[in-house]
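Quick notes on the structure that follows.
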Amino acid sequence: MTPEERLSHLGIALPPPAPPGGGYVTWVISGHLILTSGQLPWRDGKLAYVGRLGAELTIEDGYQAARLSAINALAQLEQGLGRLSRISRILRLDGYVHTAPGFHDHPRVLDGASELLNEVFGEQGRHTRTALGISEMPFNAATQLVVWAEIGTWTP
Amino acid sequence: MTPEERLSHLGIALPPPAPPGGGYVTWVISGHLILTSGQLPWRDGKLAYVGRLGAELTIEDGYQAARLSAINALAQLEQGLGRLSRISRILRLDGYVHTAPGFHDHPRVLDGASELLNEVFGEQGRHTRTALGISEMPFNAATQLVVWAEIGTWTP
Amino acid sequence: MTPEERLSHLGIALPPPAPPGGGYVTWVISGHLILTSGQLPWRDGKLAYVGRLGAELTIEDGYQAARLSAINALAQLEQGLGRLSRISRILRLDGYVHTAPGFHDHPRVLDGASELLNEVFGEQGRHTRTALGISEMPFNAATQLVVWAEIGTWTP
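As you go down the protein sequences, you meet chains A, B and C in turn.
Going letter by letter, the first sequence gives residues 409 to 564 in our numbering.
Going letter by letter, the second sequence gives residues 409 to 564 in our numbering.
Going letter by letter, the third sequence gives residues 409 to 564 in our numbering.
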């Protein structure tokens with residue numbers, strides 16, 4: 409199955425790519441690399457998850473925020489490449505979690521994004537990851553993610 | 409206009425590249441990529457902006473700190489490449505803002521760097537960006553930036 | 409001397425690579441780049457350094473945590489490449505320090521990693537670096553590091 413078929417199978421329709429929040433662009437291509445800007449959990453033009461893990465938000469909220477941020481990243485990659493099936497490998501997920509003091513369960517939150525990438529891209533979705541707690545996030549967002557992908561020939 | 413001509417037009421003379429603050433180097437080239445180390449708002453060997461956004465510093469201070477950090481990054485790129493006009497594209501600005509609790513206006517701060525890159529490189533300055541709030545910054549600096557650029561042939 | 413010979417000279421035996429802490433992989437190769445996931449100061453399956461610099465931990469603790477995190481990163485690179493001597497250059501150390509309020513000595517902590525990379529790889533170990541203070545780290549770890557390296561032909 410292609411990534412597009414897997415998304416459809418999961419019942420996910422990619423949203424329009426969110427516009428940038430300042431004087432920058434939302435993706436860039438250099439050689440075989442496509443790289444997104446930081447992706448927040450936008451839904452219909454509003455942040456669906458605001459606040460901090462370990463205070464206003466539960467781990468399940470954080471998991472959904474990370475998943476939604478990853479869906480927004482896929483929308484950027486699709487815009488940049490025309491179709492997701494041009495991706496030969498997801499290389500990297502930089503995961504930033506908005507944390508209150510004492511919160512240490514970043515991996516459970518970021519698995520919301522990692523599991524989506526693994527479901528959509530299969531073996532080619534197996535990515536490296538960072539997991540960092542951020543004390544203050546732009547617009548008080550719950551999560552921010554960056555996705556790096558390698559552009560190549562799709563091998564189903 | 410070349411980036412050098414635009415800098416001159418803006419009245420900006422690049423400073424000497426700041427030395428590293430430890431056992432590392434300030435830029436590296438691999439293939440078509442040049443990447444800087446984290447750049448702080450140094451001016452004449454001293455940090456021009458120290459403290460946190462949302463506490464000791466205003467958004468305008470932060471904007472100027474980000475702009476100055478970006479000027480320092482350009483000095484590193486110029487040292488690495490010999491001349492800025494070897495850059496075919498600014499790929500990335502990783503933006504870290506030293507924040508006090510409750511500060512969420514990272515994008516307005518980082519636009520100090522993004523707008524400078526856009527002014528100096530025009531269409532080729534259009535870059536991706538992350539915007540993260542850091543609770544404690546080396547030497548209490550206000551901002552830290554990383555710039556990634558693609559080395560190629562300048563197309564004016 | 410090869411990196412393997414230098415490690416031996418330093419009395420360092422690389423540990424088994426630590427498994428991932430979630431739905432991701434610990435290294436990825438794309439073209440001439442190998443990139444690790446975030447590396448924590450694991451030793452024998454346990455975190456050897458937990459807590460925050462400037463509170464529970466001293467700078468010397470942090471230095472050792474960073475050095476241990478770097479040793480774990482080398483174990484990942486060795487697993488990915490078969491042997492460390494395939495590395496032509498260490499490109500990057502992304503350094504994240506778990507900090508309590510008011511701690512600003514990140515460079516002294518991260519030199520624990522940088523000095524190890526310089527010792528093991530010599531001139532080819534000279535890397536760029538970021539140094540960021542993180543308020544909450546996965547599993548309360550003291551440090552998290554990412555290493556990027558260029559794959560090429562070893563020139564002793």
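Idealized CB from N, CA, C, for every residue including glycine.
Just so you know, these numbers come straight off a predicted model, no measurement behind them.
Cβ neighbours of residue i in the same chain (closer than 6 angstroms, five flanking residues each side left out)
i, result
"L518 of chain B", "A474, G503 and A539"
"R497 of chain A", "Q532 and E558"
"A508 of chain A", "R460, G462 and A463"
"T536 of chain B", "R500"
"N526 of chain A", "G533"
"R414 of chain C", "V528"
Same chain only: Cβ atoms within 7 angstroms of residue i, ignoring 5 sequence neighbours per side
i, result
"G510 of chain B", "G462"
"L492 of chain C", "P411, E412, L482, L485 and E486"
"G429 of chain C", "P546"
Per-residue burial, residue i [other beta carbons within 10 Å of its own, 16 or more giving buried]
i, result
"A421 of chain A", "exposed"
"P546 of chain A", "buried"
"K465 of chain C", "According to the sequence provided, residue 465 of chain C is Leu. The question's Lys does not apply to it. So L465 of chain C counts as buried."
"T563 of chain A", "Bear in mind that a pLDDT of 49 at T563 of chain A, under 50, signals an unreliable position, so the model cannot answer this."
"G490 of chain B", "exposed"
"H506 of chain A", "buried"
"G419 of chain B", "exposed"
"S416 of chain C", "exposed"
"G439 of chain C", "exposed"
Closest residue to residue i among the options (Cα-Cα distance)
i, options, result
"L553 of chain C", "C:P427, C:E468, C:L482 and C:E413", "C:L482"
"S543 of chain B", "B:D452, B:R460, B:P428 and B:L415", "B:R460"
"H605 of chain A", "A:L489, A:G530, A:G541 and A:H535", "No statement about residue 605 of chain A is possible, as the shown extent of chain A runs from 409 to 564 and does not include it."
"G453 of chain B", "B:G419, B:N480 and B:E468", "B:N480"
"A456 of chain B", "B:G430, B:G560 and B:A550", "B:A550"
"I495 of chain C", "C:V528, C:H417 and C:P427", "C:V528"
"G488 of chain B", "B:H417, B:G419 and B:P424", "B:P424"
"N548 of chain A", "B:E468, B:P428, B:G429 and B:H512", "B:H512"
"R530 of chain A", "C:Y432, C:E523, C:S438 and C:L443", "The sequence shown places Gly at residue 530 of chain A, rather than the Arg named in the question. Nearest of C:Y432, C:E523, C:S438 and C:L443 to G530 of chain A, Cα basis: C:Y432."
Same chain, Cβ closer than 8 angstroms to residue i, neighbours up to 5 away in sequence not counted
i, result
"L441 of chain A", "L499, W556, A557, E558 and I559"
"Y471 of chain C", "R516, V517, D519 and G520"
"R451 of chain A", "P423 and L476"
"I467 of chain B", "L461, D513, R516 and V517"
"P427 of chain A", "T434"
"E523 of chain C", "R475"
"V458 of chain C", "E464, F547, N548, A549 and A550"
Proximity test, Cβ basis, 8 angstroms: residue i and chain E
i, result
"G430 of chain A", "In the structure shown, chain E does not exist; the protein chains are A, B and C."
* **Stretch pair the stretch 464-480 of chain B + the stretch 439-448 of chain B: three plus CB contacts closer than 8 angstroms** => yes
* Curious, which full-length beta strand (DSSP E) runs of at least 3 residues does the stretch 432-510 of chain A contain? -> 435-438, 441-444 and 495-506
* To do: With a floor of 3 residues, list each beta strand (DSSP E) that falls wholly inside the stretch 504-554 of chain C, ordered by position along the chain.
  => 536-542
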